[in-house]
Amino acid sequence: MTDRNRKTGWFFAAPLVVVLIPFFIATIAVVLIASFLEHDGFGGMIASFTLENYADLLRSDLTWKLYLSMVKFSVLTWIGTLVIGFWVAYFLVFHVRNPLLSIGLFLLGTVPFWTSNIIRMISWIPLLGKEGLINSTLRATGVIDEPLEFLLFSDFAVVVAYVHQLTIFMIVPIFNSMARIDKRTIEAALDAGATRSEIMRWIVVPLSKSGIALGSIFVLSMVMGDFFVVKVMSGGGSASIVSALFEDIAVLQYPPAAANAVVLLIVVVVVISLILRTVDVRKEITR
Amino acid sequence: MSNSTPHRRIRTLDEPGKPWTFWVLLAVFVAYVLALYGPMFCIYILSFQDLRGGLVFPMKGLSVHWFVDLFTQVRTGDVKGGFQRSIVLAAMVTVLTVVGSFMAGMAFRQRFKGDTVVFYLMIGSLVAPGLVLGIGIGMLFQYFGIEAAWYSSALGAHLSWTLPFGVLVMFAVMARFDRAWEEAARDLGASSWQVIRMVVIPILAPGLVAVALFGFTLSYDEFSRSLQTSGSLNTLPLEIWSMTLNVTSPSLYALGTVTTIASFLIIGLCLGLIAYLQRRRARRVAGA
Chain Z
313 MTDRNRKTGW
323 FFAAPLVVVL
333 IPFFIATIAV
343 VLIASFLEHD
353 GFGGMIASFT
363 LENYADLLRS
373 DLTWKLYLSM
383 VKFSVLTWIG
393 TLVIGFWVAY
403 FLVFHVRNPL
413 LSIGLFLLGT
423 VPFWTSNIIR
433 MISWIPLLGK
443 EGLINSTLRA
453 TGVIDEPLEF
463 LLFSDFAVVV
473 AYVHQLTIFM
483 IVPIFNSMAR
493 IDKRTIEAAL
503 DAGATRSEIM
513 RWIVVPLSKS
523 GIALGSIFVL
533 SMVMGDFFVV
543 KVMSGGGSAS
553 IVSALFEDIA
563 VLQYPPAAAN
573 AVVLLIVVVV
583 VISLILRTVD
593 VRKEITR
Chain U
41 MSNSTPHRRI
51 RTLDEPGKPW
61 TFWVLLAVFV
71 AYVLALYGPM
81 FCIYILSFQD
91 LRGGLVFPMK
101 GLSVHWFVDL
111 FTQVRTGDVK
121 GGFQRSIVLA
131 AMVTVLTVVG
141 SFMAGMAFRQ
151 RFKGDTVVFY
161 LMIGSLVAPG
171 LVLGIGIGML
181 FQYFGIEAAW
191 YSSALGAHLS
201 WTLPFGVLVM
211 FAVMARFDRA
221 WEEAARDLGA
231 SSWQVIRMVV
241 IPILAPGLVA
251 VALFGFTLSY
261 DEFSRSLQTS
271 GSLNTLPLEI
281 WSMTLNVTSP
291 SLYALGTVTT
301 IASFLIIGLC
311 LGLIAYLQRR
321 RARRVAGA
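Protein sequences, first through last, are from chains Z and U. Numbering-wise, the first sequence is residues 313 to 599 according to this note's numbering. Numbering-wise, the second sequence is residues 41 to 328 according to this note's numbering.
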């Protein structure tokens, strides 16, 4: 590596680093420090070291319940977004033969992304509610007598809202990596007598791996860091880690909230590093 | 956005007719698009009810009552101010994200000492829960005695998310960039700055617009990073949030309709810009 190379590298990375130092590194440091401080119960922090915040957190049944429900929502949402995202991307890349149409349909699938997430979430209410479109249609056609209660303000509604919001973050990277698969590779496999499932298993899936990994990173980090979807769509029945942590912030209990945040951050980092281990995202996307 | 592949004329898979998988996947795609748009269209329709309107179907009357209500009632909050602040904030974020992402994209093309550290810090900033960063930034500003405001602390909070996102988009864009063009320019005697200005930027321009589009939307729609960092004045998503908690009238849906129209105007502008840049480039190539 030449000295010049290093200098231009740092020169070009400077704006990114200038943002990351105060707004990520220092920020995380502040949260970390706060998590070890005592609090006076009135919004003040006392500068003395304690592990009490972590002990309280880990002793609380609520914490474990919240993490369990986080795991449940993460897995369900990940499966939902991955299955839909993969097949939608596959359809657009390999089945739509007109490239202009393919891009057009791709945009059609991404347009709702440009509107407010909160609005998109509440837009399920007139559909899923007790008096909503689905229930009233089912009742009018005589399929059911009583409205289906599980549709809204339930775990089901939470997963629907997550998948609705986040599938796009799966489609875009998978579409991107699939679009770069050389169609001649598939031709060659066909000529060599490969079946549809063999092509899928040995060509399409391995070459889409970086897209799948990137999409999984987006989706999982957003579910784990979610503030409002669980809160609203579960109807107050359950909460996310972040919304629970915000309850502490709302009453100015910073140190317990900070301890909670640090634990969550560790969990997120572990999950994301597991994904990053399966695929070298940087090498894959810059290749 | 992705370019068409050069091999599109080569037919793949079974030649005559469509394979059965085509129809299955078409059904999946149509179902996805319906589920994507269905709920949103419901609220757009419901926002045009009259005074008797409620939150669910059936539709009661037809008027723009709730749109007037949205902008005139006090209880619906400061929607107009929030909207203006969000637009200005998103515009600032967009400019900084495009510049920062482009430069970081250039930086990561070669290896430099410490590049892995910067890369993983960036991934960390991308995946960190937004509210946690927001709380930390709020505390940091408090510690240094700087007042949190939407144009300072919230700006930084948004950049900590839009920049890593933009850099990843840049990676994908640059993977399609052929370095031979750069080398050719250098061989013809161009300086480094000339290469960037006259070769790299024009070729990457559509990709840069895509980064801008992402930066704008991610910021314009960001809620959890703004919650603790925007100070005393709310941005639009914060207004929307407080409305979802307090307002149980179709005003809420009217707000959804209005913000969607605004988003579409912006995306339309950006796509128009991409089309214009591409056409100009095509003309230049043809004229050269």
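Virtual Cβ for every residue (Gly too), placed ideally from N, Cα, C. Just so it is clear, the structure is predicted and the values come from calculations on it, not from any experiment.
Determine the DSSP secondary structure at residue i, reduced to helix, strand or coil.
i, result
"Leu268 of chain Z", "Lying before the first or after the last residue shown, residue 268 of chain Z is absent from chain Z, which here runs from 313 to 599."
"Phe462 of chain Z", "helix"
"Ala569 of chain Z", "helix"
"Arg324 of chain U", "helix"
"Glu223 of chain U", "helix"
"Glu443 of chain Z", "coil"
"Leu349 of chain Z", "strand"
"Arg149 of chain U", "coil"
"Arg216 of chain U", "coil"
"Asp261 of chain U", "coil"
"Arg49 of chain U", "With a pLDDT of only 40 at Arg49 of chain U, under the threshold of 50, the placement of this residue in the model should not be trusted; the figure read from the coordinates follows. Arg49 of chain U: coil per DSSP, three-state reduction."
"Phe539 of chain Z", "coil"
"Gly312 of chain U", "helix"
"Pro290 of chain U", "coil"
"Leu273 of chain U", "coil"
"Ile337 of chain Z", "helix"
"Arg492 of chain Z", "coil"
"Ser303 of chain U", "helix"
"Ala506 of chain Z", "coil"
"Val591 of chain Z", "coil"
"Gly154 of chain U", "coil"
"Gln268 of chain U", "coil"
For residue i and residue j, I'd like the C-alpha separation in whole angstroms.
i, j, result
"Phe329 of chain Z", "Val158 of chain U", "Checking the sequence, you will find Val at residue 329 of chain Z rather than Phe. About 7 Å."
"Val209 of chain U", "Val251 of chain U", "7 Å"
"Gly548 of chain Z", "Ser272 of chain U", "27 Å"
"Ser266 of chain U", "Leu394 of chain Z", "29 Å"
"Phe148 of chain U", "Val139 of chain U", "14 Å"
"Val342 of chain Z", "Leu317 of chain U", "44 Å"
"Arg319 of chain U", "Arg216 of chain U", "19 Å"
"Asn590 of chain Z", "Tyr77 of chain U", "The residue you asked about is not Asn; residue 590 of chain Z is Thr in the sequence shown. When rounded, the distance between both Cα atoms is 34 Å."
"Phe111 of chain U", "Pro277 of chain U", "16 Å"
"Phe539 of chain Z", "Val68 of chain U", "30 Å"
"Ile561 of chain Z", "Glu364 of chain Z", "17 Å"
"Ser522 of chain Z", "Ala71 of chain U", "26 Å"
"Ala130 of chain U", "Phe256 of chain U", "5 Å"
"Lys384 of chain Z", "Glu559 of chain Z", "22 Å"
"Arg49 of chain U", "Lys495 of chain Z", "A caution first: Arg49 of chain U carries a pLDDT of 40, below 50, which makes its placement in the model unreliable, though a value can still be read off. Answer to the nearest angstrom: the Cα atoms are 10 Å apart."
"Leu445 of chain Z", "Leu86 of chain U", "12 Å"
"Arg92 of chain U", "Asn286 of chain U", "18 Å"
"Thr299 of chain U", "Phe152 of chain U", "43 Å"
"Asn410 of chain Z", "Phe181 of chain U", "53 Å"
"Thr297 of chain U", "Ile415 of chain Z", "26 Å"
"Phe398 of chain Z", "Ser360 of chain Z", "51 Å"
Which residues bound the beta strand (DSSP E) around residue i?
i, result
"Phe361 of chain Z", "357-361"
"His407 of chain Z", "That residue, His407 of chain Z, is in no beta strand (DSSP E); it is neither H nor E in DSSP."
Tell me the residue span of the alpha helix (DSSP H) that contains residue i.
i, result
"Leu228 of chain U", "From DSSP, Leu228 of chain U is part of no alpha helix (DSSP H); its letter is neither H nor E."
"Met512 of chain Z", "First-last for Met512 of chain Z: undefined, no H or E at that position."
"Ile524 of chain Z", "517-536"
"Glu559 of chain Z", "553-562"
"Leu74 of chain U", "60-86"
"Pro329 of chain U", "With chain U covering 41 to 328 only, the question about residue 329 of chain U has no answer from this structure."
"Thr497 of chain Z", "495-503"
Does at least one heavy atom of the ligand SAM sit under 8 Å from the Cβ of residue i?
i, result
"Phe304 of chain U", "Of the ligands one can find in the structure shown there are none, so the ligand SAM has no counterpart to examine."
Worksheet item: Quick one, which residues of the stretch 389-409 of chain Z are near chain U if we go by CB-CB under 8 Å, in chain order?
Response: Here the close residues are Ile396, Trp399, Val400, Tyr402, Phe403, Leu404, Phe406, His407, Arg409.
Practice prompt. Within the stretch 92-126 of chain U, note down every full alpha helix (DSSP H) run reaching 4 residues or more, in order along the chain.
Written response: The alpha helix (DSSP H) runs lying completely inside the stretch 92-126 of chain U and spanning 4 residues or more are 105-112, given in chain order.
Item to complete: Please name the residues in the stretch 188-207 of chain U whose beta-carbon is closer than 7 Å to at least one beta-carbon of chain Z, in chain order.
Response: Within the stretch 188-207 of chain U, contact with chain Z at the beta-carbon level (separation under 7 Å) is assigned to Gly196, Ala197, Leu199, Ser200, Leu203, Val207.
Worksheet item: Which ranges would you report for the beta strand (DSSP E) in the stretch 164-195 of chain U if only whole runs of at least 3 residues count?
Response: You should have found no qualifying run.
Worksheet item: At what residue ranges does the stretch 366-434 of chain Z contain a whole run of the alpha helix (DSSP H), taking only runs of 4 or more?
Response: If only complete runs of 4 or more residues are kept, the stretch 366-434 of chain Z shows the alpha helix (DSSP H) at 373-402, 411-422, 429-434, in order along the chain.
Practice prompt. Pull out every residue of the stretch 151-174 of chain U whose Cβ sits closer than 8 Å to any Cβ of chain Z, in chain order.
Written response: Within the stretch 151-174 of chain U, the residues whose Cβ lies closer than 8 Å to any Cβ of chain Z are, in chain order, Arg151, Phe152, Lys153, Gly154, Asp155, Val158, Phe159, Leu161, Met162, Ile163, Gly164, Ser165, Leu166, Val167, Ala168, Pro169, Gly170, Leu171, Val172, Leu173.
Worksheet item: Quick one, which residues of the stretch 349-370 of chain Z are near chain C if we go by CB-CB under 8 Å, in chain order?
Response: In the displayed structure, chain C is absent; the protein chains listed are Z and U.
Worksheet entry | Contact list for the stretch 573-587 of chain Z against chain U, Cβ threshold 8 Å | Cβ contacts with chain U: Ala573, Leu576, Leu577, Val580, Val581, Ile584.
Discussion item. Output needed in chain order: residues of the stretch 426-460 of chain Z with a Cβ under 9 Å from some Cβ in chain U.
Written reply: Listed by position, the residues of the stretch 426-460 of chain Z near chain U (Cβ gap below 9 Å) are Trp426, Thr427, Ser428, Asn429, Ile430, Ile431, Arg432, Met433, Ile434, Ser435, Trp436, Ile437, Pro438, Leu439, Leu440, Gly441, Lys442, Glu443, Gly444, Leu445, Ser448.
Worksheet item: What residues in the stretch 71-91 of chain U have a beta carbon less than 8 Å from any beta carbon of chain Z?
Response: When CB distances to chain Z are screened at a threshold of 8 Å, the residues of the stretch 71-91 of chain U falling below it are Tyr72, Val73, Ala75, Leu76, Tyr77, Gly78, Pro79, Met80, Cys82, Ile83, Leu86, in chain order.
Fill in: Members of the stretch 122-151 of chain U that neighbour chain Z once the beta carbon cut-off is set at 9 Å
Answer in chain order: Leu136, Val139, Gly140, Ser141, Phe142, Met143, Ala144, Gly145, Met146, Ala147, Phe148, Arg149, Gln150, Arg151.
Item to complete: With 9 Å as the C-beta to C-beta threshold (strictly closer), list the residues of the stretch 217-243 of chain U near chain Z in chain order.
Response: When CB distances to chain Z are screened at a threshold of 9 Å, the residues of the stretch 217-243 of chain U falling below it are Ser232, in chain order.
Worksheet item: Which residues, in order along the stretch 528-560 of chain Z, keep a beta-carbon less than 9 Å from a beta-carbon of chain U?
Response: Taking 9 Å as the Cβ-Cβ cut-off against chain U, the residues of the stretch 528-560 of chain Z that qualify are Ile529, Phe530, Leu532, Ser533, Met534, Met536, Gly537, Asp538, Phe539, Phe540, Val544, Ile553, Val554, Ser555, Leu557, Phe558.
Discussion item. Taking beta-carbon pairs under 8 Å, can you tell me which members of the stretch 278-291 of chain U lie near chain Z?
Written reply: Using a CB distance below 8 Å, the part of the stretch 278-291 of chain U facing chain Z consists of Ile280, Trp281, Thr284, ordered along the chain.
Worksheet entry | Residues within the stretch 316-327 of chain Z neighbouring chain U, beta-carbon criterion of under 9 Å | Taking 9 Å as the Cβ-Cβ cut-off against chain U, the residues of the stretch 316-327 of chain Z that qualify are Asn317, Arg318, Lys319, Thr320, Gly321, Trp322, Phe323, Phe324, Ala325, Ala326, Pro327.
Worksheet item: Listed in chain order, which residues of the stretch 505-518 of chain Z have Cβ atoms closer than 9 Å to some Cβ of chain U?
Response: Flagged, chain order: Arg508, Ile511.
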